[in-house]
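Report on one structure; see the data block that follows.
In our numbering, the protein residues as written are 38 to 343.
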């Protein structure tokens, strides 16, 4: 059925059957695609991510909610692609008609590069980091400057941002506080209430944001100090550009973000909002975990609050 099919890095038999099933789903939609190898990518939190022939990436939502999100992400990627200089995923294979987890997917060509992780970050000198900062600042400027069409605002923008964050705060109290120390509960109450009580935090110009602009989603060249591409737009939406700046601080620190300011000065206009968003990332992961029965996400998010 699959000429020369080989499965690497699969320690359990059930994964073998799972990957064969995914390969079959892909071939049902793209029968002319020759599949020689299938590798499971362990990094997907919201999607099962597989690599085909070392050159194609396919993403299958793990949850029912992920089906709707993949629809929206695919539509958004097709719209923003022409505005972005860096390589980003460009959907070329898709099966979006089904509403069944395991059948719906999107595929695109793999962007060659390695993750811009902390090892890579700390191995670079100031000048090399300046090159990276320039490219990432340009990417964010391009993304945040894309014209907003009404259809994307309607589908991707939570117009009442106060209600959005108030609702998250309530869910955190109801679902997460029981697992936290008293000190953490006091800290979180102040963090959210200070933010919610300042009306200036809700006065900004909405823009397309990446939504998960962190260490795992920025790729750099294998040999040169330059950005190879940006991946995983599953969290992309219309919202506050400060969210992306907060992710940079969380991943690489404030000094690196300041290097980006000279290439994208507008980033520094929302430092208080950046700090608030940064302080919610782990909480959002824990909340996602408990609401979607994802134990690993819950443990990762709640760890520093216990």
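From the three backbone atoms N, C-alpha and C, an ideal C-beta is built for every residue, glycine too.
Note to self: To the nearest angstrom, how far is the alpha carbon of residue 371 from that of residue 55?
What the structure shows: No answer is possible for residue 371: it lies beyond the span of the chain, which begins at 38 and ends at 343.
Next item on the list: Just mark residue 160 as buried or exposed, buried being the case when its beta carbon has 16 or more other beta carbons within 10 Å.
Entry: Taking the first residue of the chain shown as position 1, residue 160 is located at position 123. Burial call: exposed.
Check: Rounded to a whole number of angstroms, what is the C-alpha to C-alpha distance between residue 97 and residue 246?
Finding: Locating residue 97 in the chain shown gives position 60, where the first residue counts as 1. Locating residue 246 in the chain shown gives position 209, where the first residue counts as 1. Roughly 22 Å separates the two Cα atoms.
Margin query: Excluding the 5 residues flanking residue 263 on each side, which residues of the same chain have their C-beta closer than 8 Å to its C-beta?
Written below: As a first step, residue 263 is located in the chain shown; it is residue number 226 there, counting from the start. Contacts found: 168, 169, 172 and 257.
Item checked: the region 267-278 touching the region 193-207, judged by at least three CB pairs closer than 8 Å -> As far as the Cβ criterion goes, the region 267-278 touches the region 193-207, which means the pair count is three or higher.
Item checked: Residue environment, residue 40, which counts as buried when at least 16 other CB atoms sit within 10 Å -> The residue given as residue 40 occupies position 3 in the chain shown. The predicted position of residue 40 is uncertain, since its pLDDT is 45 and thus under 50; a value taken from the coordinates is nonetheless stated next. Answer is exposed; the Cβ neighbour count stays below 16.
Margin query: According to DSSP, simplified to helix, strand and coil, what is residue 273?
Written below: Walking along the chain shown from the start, residue 273 turns up at place 236. Residue state, collapsed to three classes: coil.
Margin query: Here's a check: name, in chain order, each residue in its chain whose Cβ is nearer than 6 Å to the Cβ of residue 139, leaving out the five neighbours to either side.
Written below: On the chain shown, position 102 is the one that residue 139 refers to. Once the five neighbours on either side are set aside, residue 139 has no close Cβ partner at all.
Check: Nearest-angstrom Cα distance between residue 319 and residue 338?
Finding: Here residue 319 is taken as the residue at index 282 of the chain shown, counted from 1. Here residue 338 is taken as the residue at index 301 of the chain shown, counted from 1. Spanning the two alpha carbons is a distance of roughly 4 Å.
Margin query: In this structure, how does DSSP classify residue 84 when only helix, strand and coil are distinguished?
Written below: Within the chain shown, numbered from 1, the residue matching residue 84 stands at position 47. Strand, per DSSP.
Next item on the list: Check whether the region 57-73 touches the region 101-112, counting contact only when three or more Cβ pairs, one atom from each stretch, lie closer than 8 Å.
Entry: no
Check: Who are the Cβ neighbours of residue 311 in its own chain at under 7 Å, not counting the five residues just before and after it?
Finding: Working through the chain shown from its first residue, we reach residue 311 at position 274. For residue 311, where only same-chain residues beyond five positions count, the Cβ hits under 7 Å are 279, 282, 283 and 286.
Item checked: Straight-line gap, residue 336 to residue 302 (C-alpha atoms, nearest Å) -> In the chain shown, counting from the first residue as 1, residue 336 sits at position 299. In the chain shown, counting from the first residue as 1, residue 302 sits at position 265. So the two alpha carbons sit approximately 37 Å from each other.
Item checked: Contact set for residue 324: own chain, Cβ-Cβ below 8 Å, skip 5 residues either direction -> Stepping through the chain shown from its first residue, residue 324 is reached at position 287. Answer for residue 324: 205, 208, 209, 212, 213 and 338, listed in chain order.
Note to self: Counting beta carbon pairs with one atom in the region 229-241 and one in the region 291-298, are three or more of them shorter than 8 Å?
What the structure shows: no
Checklist line | Every unbroken beta strand (DSSP E) inside the region 50-133 [3 residues or more] | finding: 74-78, 84-89, 93-98 and 130-132
Next item on the list: Check whether the Cβ atoms of residue 236 and residue 175 lie closer than 8 Å to each other.
Entry: Here residue 236 refers to the residue found at position 199 when the chain shown is read from its first residue. Here residue 175 refers to the residue found at position 138 when the chain shown is read from its first residue. Cβ distance not < 8 Å, so residue 236 and residue 175 don't count as in contact.
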